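Heads up: the sequence shown runs through residues -16 to -1, 1 to 147, numbered per mature numbering (1 follows the signal peptide of the UniProt record, and there is no 0).
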Amino acid sequence: MTPARAALTCCVLALAATGCGIRPTGVTDGGTAPSGISQGIRVYFASDRGPRGVARPDRTVNQLDDVFKLLFSGPSPAERDEGLTNVLPEVDYRATAHRGHVTVTAPRFGFTSPQDQGTGQLVCTLARAEVLLHGTRPDKVQVTVVGERGRAGPYQCQQFLVH
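See below:
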């Protein structure tokens, strides 16, 4: 192709692109920018990439122990289709908190490893509940799990999340 023909082709393409039917608009309001953490409880389930939180906007948590019911109800069918699952054994769990330090007691809970997804589900879900119930900053919540093989933690949720 000659330089003149190439220049002509570029001009034709530029004219065609400018006439694509999109009209300019004025300034539009996109609403308020998101800020802070999302509202409501998030429940964390295991996935192929680590624990993943899902919103439960229709559920309220009045005490830390309420999260265990949410965890054991499992992911919704749509969430299961996305690969989410609950890997926590249904044993007797109890949770208490003092100044952002959450302790989970589960006498029959055995850790596969200190950073397994079940522990991640517990830590992240309880950390979220602690933020909602007591106003603790998310980066200040620490969770310790006491199970049949001893004590693990304290952990913070971000240790379990894939970056």
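Ideal placement from N, C-alpha and C gives every residue a C-beta, glycine not left out.
As the structure is a computational prediction, the values presented were derived from the model and not from experiment.
**Message:** Residues in the same chain with beta-carbon distance under 8 Å from Gln126, minus the five sequence neighbours each way, listed in chain order, please.
**Reply:** Gly84, His85, Val86, Gly137, Pro138, Tyr139, Gln140
**Bounding residues of the beta strand (DSSP E) (the contiguous stretch that carries residue 169)** = Outside the modelled stretch of the chain, which goes from -16 to 147, sits residue 169, for which no answer is possible.
**Request:** Could you spell out where the alpha helix (DSSP H) holding Pro138 opens and where it closes?
**Result:** Taken as a continuous stretch (DSSP letters only), Pro138 belongs to no alpha helix (DSSP H), being part of the beta strand (DSSP E) at 134 to 139.
**Prompt:** Exposed or buried, Ala62, counting other C-beta atoms within 10 Å across all chains shown (16 or more means buried)?
**Reply:** exposed
**Prompt:** Can you tell me where the beta strand (DSSP E) with Gly84 in it begins and where it stops?
**Reply:** Gly84: not part of any beta strand (DSSP E); DSSP gives it neither H nor E.
**Item:** Leu145 - DSSP class collapsed to helix/strand/coil
**Value:** Coil.
**C-beta contact flag for Leu72 and Leu106 at 8 Å** = yes
**Asked** Roughly how many angstroms lie between the CA atoms of Gln99 and Gln47, to the nearest whole one?
**Response** Just so you know, the alpha carbons of Gln99 and Gln47 end up roughly 25 Å apart.
**Asked** If you compare alpha carbons, which of Ala90, Val115, Thr69, Gly67 is closest to Arg78?
**Response** Ala90
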